[in-house]
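Residue numbers for the sequence shown follow the UniProt record's numbering, beginning at 1 and rising by one.
We put the CB at the ideal spot given by N, CA and C, even for glycine.
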Amino acid sequence: MKSQRQQFLSAALCRSVIDQAPDCIIIMDLEWCLLDANHKACNQLGYSLEEMLQLRFDEIEVGFTADKGKLYLQDLRNNGTPCFEGSKMKKDGTVFETETKLSFLQGDEQTFLLAFIRNISRAREAERKLQEEKLLVDALMESIPDSIYFKDLAARLIRVNQKLVRDIGATSDQELLGKNDIDLFGESFGQKTMAIDREIMRTGKPRIGLIERRELDDGNTNWTLTTKVPLFNPAGEIIGLAGISREINTIKEAEEKLRIKEYQLSMASKIAGLGYWEYDVEKNLYTFNDHFYEVYHTNAEEMGGYRMSAQKFSNLFLHEEDKNLIAGEIKIALDTPDPDFNKHLEHRIKYLNGETGYVSVNFFVVKNKEGKTIRTYGANQNITQRKLAEQAQQERETQLLMANKIAKLGYWEYDQTTNLLTVNDQFLLLHRTTAKEMGGYSFSPQTYVERFLLPDNMNIIQEEFAAAFYSRQSLDGYQRYREFRVFFENGEIGYLCSHYATIKDPDKGVYKTIGVNQDITERKLAELALKEKESNLQKAFEISAIGPYRYHIKGDQYEWSEQALHVIGFAPDQIPLDFRSFLDMMPEADRPILLQAVEQAAIKGKLDVEHRILIDGQTKWLRFKSHQEDDKDGEPLTSVGIVQDITERKLVEMELTSYREHLESLVKERTVQLENINKDLEAFAYSISHDLRGPLRHINGFANILRRKLIDPPKSAIEYIDLISNSSKRMGTMIDGLLHFSRLGRQQMTHSTVDLNRLVTEVIRTFKPDIERRRVRWNISALPTIQGDPDLLKIVFENLISNALKYTRNESEASIEINSLPNHEHNHCIYIKDNGVGFDMDYADNLFGVFQRLHKEEEFEGTGIGLAHAQQIVKKHGGSIRATAAPGKGATFYVIL
């Protein structure tokens, strides 16, 4: 019983070991019939155990025959455990490479065959890939027209290309392998290059673009351009170096430096180089190298190897917005019949951290005999910095263009050969004219002089062009800046500045002058006003008798200027030298004022105080104003300022106080009078409204009665009656408008925050029923929020928008634009522009007058008081309103608030 249990346990243990084995295990009889198999064998071959036991070995081993079986058994008996490679066929017909080991398994009464089978498909694929890469590297080394070599840690050659073999004069690479530079080139040159080799392998830093000079035995010099980089094993340890050298003996001495730098750049790109990739179309699989992963800021370890599916690559690295572009390029590459198809494109990528980059891609396709694309080879290069620089440059150019547009720079060019000035639209706009008025964009300097320059500037063009022509400066070295007065086309006088430079041709003796003009009228007027103010201020200083002084805080000592002593009126024996002495000269009541001001100055760093001082029994008012200067440690050092005699001002202030009290009494009395006058005006306005409307109603009523009473009246009589009736109605409307205009002038404003976007929307909504059958294109941009009276401002925009709708009604499509201009002298400038009938600017001064009209009433209805209302309201807000237009070209109204 015990023996049976031991046998059972032994069999169970043996079965468990077989099933957990990492390889396929099959037990067969000597006729190669399968008797048993472990789980690994069943799973690998795709059969169940029951199906496996119905098979023979030749049904799973590709190419197995009875003769091969006999040879394997004979080898097993003679040599023990033979091993052979072959291919196994799965149940589904697919084949995989295997390594099989055979041994005898001795039973109690029978001998069995035990087969250990290992899947070696991946190992063989890796070997083939390695061989392909080796062939690729060999082809690359032999195709590059430079000497390429690899060295071990002792700086001995371990691999070279045939170019280096030929350059040294050897017959084969075996003559070079194992030797160092001293062996090949001698002590002098070899010591230098080996020192560089040891430094590279010690620091791990490459040497790119190294120029090496070697003296040859025949007295000549051999120049080479060399790049050497360290080689690392997977553990990051340096195992040697790689180098590439090119002879540069034939480069001309004059071109030597330039050519060397170009080659240095080429070598740097080659060594630091491109990220190469290969795409297998059938397997839909990419294969990358380390440089490729560097382009995408990752590595093979992080990515799990050098192979990746197209879908995974797309998900990880392609920018979402460029995926369709890349998919389209891939489709073109796969479908193209061109066997030499290659392409370059640039697109965005995403790094693993989510940031965006850019790559440049060059690739070509490989086709089979049937013309089908089977592989694609390419190289990617990171161009993120270049792209960002291009975007920054484009942004700068856009900003410059906008700056020129905002600054209103007018460009011009003068060609001496044609004696013509050529200008742009902005140049003409600066002079308040157009190309049509000037007869085009090109005209002679004489035309410009006669049309725009003042008599005192008539010779400026000839003088400047002559100076440029005879200048001896370099071809592009003559640059000038001038300011001058001009007549604008509208008759006004303004100021322009011109920056320009001359480009010369020394052979032909001709030149072009290119420049920009800018309107500086406002600046020049401001400068003139500033100069006048400065002159007035200087006179005021002299009149005001101001003198500088300095007080040394640490030394408690005054330093008075002659002017300050004169202003205060100190006699030589009265000059106070310290603060205490100065304080003693003040009235007792004023001393606390000065002491408090000095305490505040110590905190704020500034002093501004007025007080009295007693000199020879007389009182004088002084004002001291100064600022504090600190030493390098931040401690108070001195107080520097001015002293002013304000005695007269103080006396005047006292008188003014008295006058002010008297004036306030007069103002109160005058206010009562004005209130009574306003009441009288309101009564008068009511009287006008009531008394004038009565006769108008009578006129209108009697006209209607007359029309009804007349029997068969002539047509002319009816027209006269209608004219009387319409005129009386219009008179009533004008009276209402006049009264409204009068009330607006007296109406008190309420200030609040007004959103012009909402206000304009409400106004437009009120006109919707009137324009339902019209085509109106509204172009409304974001408008500012301002402070003002919302009810009054609504009247302004109702009038302006109503006019825009009225004067565009004859257009097939009305276009009304409402927008604002930025940075309008710290105010808000809103404009309403239409494409209506417009008007002649000669009559623009009459535009905002009461009852002033620029169009006939039979053409466009109205009383001519709406724009007067608008101007009145805008002025009450402290703003202004103006308009520009041209007949048949629409009008633009500008409201500045």
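- The residues 180, 194 and 197, in chain order, have a CB closer than 6 Å to that of residue 155 in the same chain once the five nearest residues on each side in sequence are set aside.
- In the three-state reduction of the DSSP assignment, residue 357 falls in the strand class.
- Here residue 481 is exposed. Its C-beta has fewer than 16 other C-beta atoms within 10 Å.
- Between residue 568 and the set 623, 120, 535 and 449, the nearest pair of CA atoms involves 623.
- Rounded to whole angstroms, the gap between the alpha carbons of residue 367 and residue 279 is 12 Å.
- A straight-line Cα-Cα distance of about 47 Å links residue 561 and residue 666.
- Judged by DSSP secondary structure, residue 561 falls outside any alpha helix (DSSP H); it is assigned neither H nor E.
- In this structure residue 247 touches residue 222 by the C-beta definition: roughly 7 Å separates them, less than 8 Å.
- By the C-beta criterion, the stretch 111-118 is judged to be in contact with the stretch 30-40, since at least 3 inter-stretch pairs fall below 8 Å.
- Beta-bridge pairing by DSSP links residue 642 to 548 and 625.
- Put simply, the stretch 414-424 does not touch the stretch 388-396. Fewer than three CB pairs are less than 8 Å apart.
- Contact check for residue 499 and residue 516: beta-carbon distance about 5 Å, within the 8 Å limit, so the pair qualifies.
- Put simply, the backbone Cα of residue 670 is about 39 Å away from that of residue 759.
- Only residues of its own chain outside the window of five on either side were considered, and among them 147 and 149 have a CB closer than 6 Å to the CB of residue 164, listed in chain order.
- Residue 142 is not a Cβ neighbour of residue 174, given a cutoff of 8 Å.
- Straight-line measurement puts the Cα of residue 756 at about 6 Å from the Cα of residue 785.
- DSSP places residue 592 inside the alpha helix (DSSP H), whose first and last residues are 591-604.
- Unbroken alpha helix (DSSP H) stretches of 4 residues or longer found wholly inside the stretch 46-94: 49-52 and 66-79, given in chain order.
- Burial state of residue 63 is exposed, judged by a 10 Å Cβ sphere holding fewer than 16 other Cβ atoms.
- Distance between residue 548 and residue 566, taken at the CA atoms: about 11 Å.
- The beta-carbon separation of residue 800 and residue 870, rounded to 6 Å, stays under the 8 Å limit for a contact.
- Straight-line spacing of the CA atoms in residue 46 and residue 38 works out to 12 Å.
- The three-state reading of DSSP puts residue 619 in strand, counting E and B together.
- Burial check for residue 129: the Cβ neighbour count within 10 Å stays below 16, so the residue is exposed.
- Sequence-distant Cβ neighbours of residue 570 in its own chain, meaning closer than 6 Å and more than five residues away, do not exist here.
- At least 8 Å separates the beta-carbon of residue 564 from that of residue 652.
- Under the 10 Å beta carbon count, residue 402 is surrounded by fewer than 16 other beta carbons and is classified as exposed.
- DSSP lists 831 and 882 as the beta-bridge partner residues of residue 894.
- Among the bridge pairs identified by DSSP, residue 309 is matched with 285.
- Residue nearest to residue 61 within the set 883, 312, 608 and 93 is 93 (criterion: CA-CA distance).
- Annotated three-state conformation of residue 671 is helix, per DSSP.
- The alpha-carbon separation between residue 52 and residue 118 amounts to approximately 17 Å.
- In the DSSP annotation of this structure, residue 233 is not part of any beta strand (DSSP E), being labelled neither H nor E.
- Here the stretch 810-818 does not lie against the stretch 871-887, with fewer than 3 beta-carbon pairs under 8 Å apart.
- If the five residues before and after residue 844 are omitted, its C-beta is found closer than 7 Å to the C-beta atoms of 883, all from its own chain and listed in chain order.
- Taking the C-beta atoms as reference points, residue 68 is found no nearer than 8 Å to residue 83.
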